[in-house]
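Read the structure below first, then the notes.
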Amino acid sequence: MADYQRTAPSEWTWHSGGRNHTVRLFASTRRLIWSAWVESDAGPRFDDGIAQSYDAFLANGAPQIENAPAALVDHLRQVILQADASGRRR
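One rule links them: number in this note's numbering = place in the sequence shown (from 1) + 916.
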């Protein structure tokens, strides 16, 4: 079983420490948005999201508070580098 799941063409989810996490890539703005939430009887309770530029991600990796699986971080790095190499960089 994978540590993470791709839920849309530019979205991945995973679970860590009783929390749900999502990262989304936005090619048009070259940003990643990291978010986390817990399910409760009243519905999901979301934390503030974290916006990160592609360049900051490539230099520093994922924000530590998101506990992103290492395999996902590696995968995202490859996706971004491949997009840049294919000329989709804006």
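All C-beta atoms, glycine included, are put in the ideal place defined by N, C-alpha and C.
- Apart from the 5 residues on each side of it in sequence, residue 949 sits with its Cβ closer than 6 angstroms to the Cβ of 940, 965, 967 in its chain, given in chain order.
- By the CB criterion at 8 angstroms, residue 977 and residue 995 fall outside the cutoff.
- Of all alpha-carbon atoms in 959, 944, 919, 954, the one lying nearest the alpha-carbon of residue 999 is that of 944.
- Note on the segment 941-972: whole beta strand (DSSP E) runs with a minimum of 3 residues are 947-956, 959-962, 966-969, in chain order.
- Around the beta carbon of residue 974, fewer than 16 other beta carbons sit within 10 angstroms, so the residue counts as exposed.
- In the DSSP assignment, residue 980 falls outside any alpha helix (DSSP H) and carries neither an H nor an E.
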